[in-house]
Amino acid sequence: MRDSKVKTVGVLTSGGDAPGLNAAIRGLCLTGINEYGMKFVGIQNGYKGFEAGQCIPLKSEDMDNLLVQGGTILGSTREKPFKNQDKIEKTGLSAVDSIKKFYKKWGLDALVVLGGNGSNTTAGLLSDEGLNVIGLPKTIDNDIVHTDYTFGFHTAVDIATEAIEKIHTTAFSHSRVMVIEVMGHKVGWIGLCSGIAGKADVILLPEIPYDIKNIAKKIESNKKTGKNYSIVVVSEGAQNKEESKLDKKAFKKARAEMGCSIGERVAKEIQEATGLETRCTVLGHLQRGGSPDAFDRYMATLFGSTAADYLARGEFGKILVWQNNQITGIPLRDVASQVKSVKKDEPLVEAAKKTGICFGD
Ligand code: F6P
Numbered sequence: 556m557r558d559s560k561v562k563t564v565g566v567l568t569s570g571g572d573a574p575g576l577n578a579a580i581r582g583l584c585l586t587g588i589n590e591y592g593m594k595f596v597g598i599q600n601g602y603k604g605f606e607a608g609q610c611i612p613l614k615s616e617d618m619d620n621l622l623v624q625g626g627t628i629l630g631s632t633r634e635k636p637f638k639n640q641d642k643i644e645k646t647g648l649s650a651v652d653s654i655k656k657f658y659k660k661w662g663l664d665a666l667v668v669l670g671g672n673g674s675n676t677t678a679g680l681l682s683d684e685g686l687n688v689i690g691l692p693k694t695i696d697n698d699i700v701h702t703d704y705t706f707g708f709h710t711a712v713d714i715a716t717e718a719i720e721k722i723h724t725t726a727f728s729h730s731r732v733m734v735i736e737v738m739g740h741k742v743g744w745i746g747l748c749s750g751i752a753g754k755a756d757v758i759l760l761p762e763i764p765y766d767i768k769n770i771a772k773k774i775e776s777n778k779k780t781g782k783n784y785s786i787v788v789v790s791e792g793a794q795n796k797e798e799s800k801l802d803k804k805a806f807k808k809a810r811a812e813m814g815c816s817i818g819e820r821v822a823k824e825i826q827e828a829t830g831l832e833t834r835c836t837v838l839g840h841l842q843r844g845g846s847p848d849a850f851d852r853y854m855a856t857l858f859g860s861t862a863a864d865y866l867a868r869g870e871f872g873k874i875l876v877w878q879n880n881q882i883t884g885i886p887l888r889d890v891a892s893q894v895k896s897v898k899k900d901e902p903l904v905e906a907a908k909k910t911g912i913c914f915g916d
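Numbering-wise (our numbering), the sequence shown opens with residue 556 and increments by one.
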């Protein structure tokens, strides 16, 4: 057994689930147990469960199927303890004080948080409160700054790409325009990557406001050149040029009042502008479900296992990120409250444009 600065470690998953979470838990626990003799406490249902004192032991024998299992065995919520003003029923304390209480009660020496932007922001705040915290980058949205990899993204892009590919054949058979709505409220990485890989004609992203006239032009030019169908990939957060001028509150209100999804709205707009029969498929949570692909399995294993090494060395207050083909630990506060969005000059956007894909701008 190698030396370790910690003995007992809490683990929690927070935010939207993502393929690879269980593989990361497995990598962490097996390395921690086998190499350093650590003990792991699985905190259930994210920060919400931490506040309420919900936990289970995580042992070697629980790790058997985790490499391939989708979702998270620990459960997840989108709880933000630093924003929760309620007293927690079980403790009568504030959300943050309840967490501190259970951290102490369970004898934790450290906490590993597997989460996205919001969850790692909270992890940083808990670290400021004196807890020994390490964050791991999980999100299908790929929107954590300073990392080229977040587990779940690769699998989600694979799922979306496969779905787009399938839509091609039915679009061709019926000479239709097909709109496929993919996840990504704030950022368009899934739309961009699956749109390119799935051979879309049009890709609409939150970062590049569209004008329906430009989309109609592209679809009509497809027709003129003998292509009887068109494929349009739309991120959940896509917006037109007028909407992009609204402030956050007004935009949210307009979306709430829209009465349909953005994909359905774009399909209607295309049909009105071109007169062509248009259908919409919303992929939704399919993109987060099921087993991680091979890439997410081995990368999540590497991240989990490396987190155990960081714990053993007592390197806390960090999130592990992927930079220049290796894992490095950077301060949690460096990623707090930021979003990695698709830049207009992103090479993938430029390559897509050069190969004929329209972004509606
Ligand atoms: O986890 C990120 C994400 O999948 C976004 O892409 C999507 O907009 C959102 O979660 C959906 O969240 P929920 O499952 O809470 O509806």
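Ideal Cβ positions, reconstructed from N, Cα and C, are used throughout, including at glycine.
From this set, the options, which residue's C-alpha is nearest residue i's C-alpha?
i, options, result
"SER788", "LEU760, ILE774, GLU798, GLU644", "Checking the sequence, you will find Val at residue 788 rather than Ser. Measuring from the Cα of VAL788, the nearest candidate turns out to be LEU760."
"GLU797", "ILE767, LYS823, TYR784", "ILE767"
"PHE858", "LYS754, GLY792, THR627, PRO692", "PRO692"
"TYR853", "VAL623, GLY608, VAL732, LYS808", "VAL623"
"SER846", "ASP889, ASN697, THR710", "THR710"
"VAL737", "HIS723, GLU762, THR725, GLY792", "GLY792"
"SER631", "GLU684, PRO574, GLN640", "PRO574"
"GLY690", "VAL742, ILE580, GLN609", "ILE580"
"LEU686", "ASN675, ASP664, SER674, THR694", "ASP664"
"ILE786", "ASP756, LYS779, ALA805, LEU801", "ASP756"
"ALA771", "LYS804, LYS754, ALA822, PHE871", "ALA822"
"LYS782", "THR724, VAL876, ILE643, SER682", "THR724"
"ILE758", "PHE914, ASP641, PHE850, LYS594", "PHE914"
"VAL712", "ASP848, LEU875, PHE871", "ASP848"
"TYR784", "PHE806, PRO764, ILE825, SER790", "ILE825"
"GLY753", "LEU576, ARG888, ILE912", "ILE912"
"GLY625", "GLY707, PHE850, SER790, VAL837", "GLY707"
"PRO764", "ARG557, ASP916, ASN577", "ASP916"
"THR627", "ALA891, ALA805, THR646, GLY844", "GLY844"
"GLY818", "SER892, VAL837, LYS807, ARG888", "VAL837"
Within the 7 Å Cβ cut-off, does residue i reach chain D?
i, result
"HIS701", "Protein chains in the displayed structure number just one, and chain D is not present."
Following a CB-centred definition, is residue i positioned closer than 6 Å to any heavy atom of ligand 1?
i, result
"HIS729", "no"
"HIS740", "yes"
"ILE695", "yes"
"GLY571", "yes"
In this structure, what does DSSP give as the bridge partners for residue i?
i, result
"LYS873", "ILE689, PRO886"
"THR563", "LYS594"
"LYS642", "SER649"
"GLN878", "GLN881"
"ILE611", "GLY597"
"TYR765", "ASN795"
"ARG834", "MET733"
"ILE786", "MET733"
"CYS584", "CYS584 is not bridged to any residue."
"THR694", "GLY707"
Distance, Cα to Cα, residue i vs residue j?
i, j, result
"VAL564", "TRP661", "9 Å"
"LEU841", "SER559", "40 Å"
"PRO902", "SER615", "43 Å"
"HIS740", "GLU762", "10 Å"
"ILE735", "ARG834", "9 Å"
"ILE751", "ILE714", "13 Å"
"LEU748", "GLU905", "The amino acid occupying residue 748 in the given sequence is Cys; Leu does not appear at that position. Roughly 12 Å between the two C-alpha positions."
"LEU583", "LEU666", "12 Å"
"LYS873", "ALA678", "9 Å"
"THR814", "ARG820", "Per the sequence shown, the amino acid found at residue 814 is Gly instead of Thr. Spanning the two alpha carbons is a distance of roughly 9 Å."
"GLN609", "TYR658", "11 Å"
"SER649", "LEU681", "14 Å"
"VAL561", "ALA809", "50 Å"
"GLY839", "GLY746", "12 Å"
"PRO886", "ALA726", "48 Å"
"GLN599", "GLU684", "21 Å"
"ALA578", "ASP851", "8 Å"
"THR676", "ASN639", "15 Å"
"LEU585", "MET556", "13 Å"
"ASN795", "GLY743", "14 Å"
"ALA607", "LYS800", "42 Å"
"LEU629", "THR910", "43 Å"
"ALA862", "VAL688", "10 Å"
- Item | the region 558 to 578 touching the region 588 to 607, judged by at least three CB pairs closer than 8 Å | yes
- Would you be able to state if there are at least three C-beta pairs under 8 Å between the region 633 to 646 and the region 701 to 709? no
- Message: Closer than 8 Å is the cut-off here; do at least three beta carbon pairs connect the region 858 to 875 with the region 584 to 596?
- Response: yes
- Message: Three Cβ pairs or more, each shorter than 8 Å: is that satisfied between the region 614 to 626 and the region 666 to 673?
- Response: no
- Message: Whether or not the region 766 to 785 and the region 827 to 835 are in contact is what I'm after, with contact meaning three or more pairs of Cβ atoms, one per stretch, closer than 8 Å; do they touch?
- Response: yes
- Query: Looking at C-beta atoms only, is the number of pairs between the region 890 to 907 and the region 714 to 725 that lie closer than 8 Å three or more?
  - Reply: no
- Query: Touch check for the region 874 to 883 and the region 726 to 739: three-plus C-beta pairs under 8 Å?
  - Reply: no
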